[in-house]
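Engineer:
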Ligand SMILES: C[S@@+](CC[C@H](N)C(=O)[O-])C[C@H]1O[C@@H](n2cnc3c(N)ncnc32)[C@H](O)[C@@H]1O
């Protein structure tokens, strides 16, 4: 009986230790309870680089449709980068084609007091990016949903993210940072085509995990890379 209790107790401790180790928070930047899991380290590196280049204009394609609740699933980047922007005198433009995504993201932006920093645009990202007329310091590509099994959706998503990059390319300067979400997925994820294109056009990878972070080959702040 004693041994049985011991084994159960050990199992419980192992379970909670495992959960704790897997929990990847952005604390103290964000409350500890939010688990950013597979995006935590690339978010941290992106914010470190944004700090170094003194980023002022951030664009996100695909907004935080689940608000902060979606930290583990979707990333909650609108809130993470929105908060960073607020603390650094920058602005974040987040564009989404879906009115429900915009409404949910807008509610979270308000709850977090980010409404003066984050502007939500209800539009197809391709139209929005084509018309965006300011230099962009950080570009986050995370719109057209990917599928882990449907090859046609995979192709459309990959083509869409490549086209997003091409539409805004003229506004990317020598220190612009580009982060692409949902890359470590079957058949290359959202970034497959755009990353190949960028590597052929003077960009390099800084960090590669679930997300891929890129800067230009001649990125000025060498020590950061
Ligand atoms: C994965 S979610 C974005 C998650 C968000 N970046 C975050 O960190 O929480 C993808 C979003 O892209 C939007 N989307 C899909 N196609 C789009 C398009 N052509 N233009 C703009 N947004 C699009 C969807 O409506 C959805 O809200």
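Residue numbers (UniProt numbering): 1 to 225. Ideal Cβ placement from N, Cα and C applies to all residues, glycine included.
1. Is residue 126 a contact residue of ligand 1, with contact defined as CB to any heavy atom under 8 Å?
2. Per DSSP, which one or two residues make a beta bridge with residue 172?
3. In chain order, what residues of the same chain lie with their CB nearer than 6 Å to the CB of residue 101, ignoring the 5 residues before and after it?
4. Assess, as a yes-or-no matter, whether the stretch 157-176 is touched by the stretch 66-79 under the definition of 3 or more beta carbon pairs within less than 8 Å.
5. Here's the rule I'm using: 16 or more other beta-carbon atoms within 10 Å means buried, otherwise exposed. How should residue 211 be labelled?
6. Here's a check: name, in chain order, each residue in its chain whose Cβ is nearer than 7 Å to the Cβ of residue 124, leaving out the five neighbours to either side.
7. Please check the pair residue 46 and residue 143, which I expect to be a contact at CB under 8 Å, by giving their CB distance rounded to whole angstroms.
8. Does the beta carbon of residue 60 fall short of 8 Å from some heavy atom of ligand 2?
9. Counting beta carbon pairs with one atom in the stretch 153-170 and one in the stretch 107-115, are three or more of them shorter than 8 Å?
Structural biologist: So, to answer that:
1. The residue given as residue 126 occupies position 126 in the chain shown. True, at least one ligand heavy atom lies under 8 Å from that Cβ.
2. Counting from 1 along the chain shown, the entry for residue 172 is found at position 172. Paired residues: 136.
3. Stepping through the chain shown from its first residue, residue 101 is reached at position 101. Shown here for residue 101: same chain residues with a beta carbon closer than 6 Å to its own, the five before and five after excluded, namely 63 and 65 in chain order.
4. By the Cβ rule, the stretch 66-79 does not count as touching the stretch 157-176, because fewer than three pairs are nearer than 8 Å.
5. Here the question's residue 211 lines up with position 211 in the chain shown. Classification for residue 211: buried.
6. Against the chain shown, residue 124 aligns to sequence position 124. Taking C-beta separations shorter than 7 Å and ignoring five residues to either side along the sequence, the partners of residue 124 in its chain run 97, following chain order.
7. The residue you call residue 46 lines up with position 46 of the chain shown. The residue you call residue 143 lines up with position 143 of the chain shown. Contact flag wrong, Cβ pair sits at about 17 Å.
8. Ligand 2 is not part of the structure shown, which contains ligand 1 as its ligands.
9. Short answer: they don't touch.
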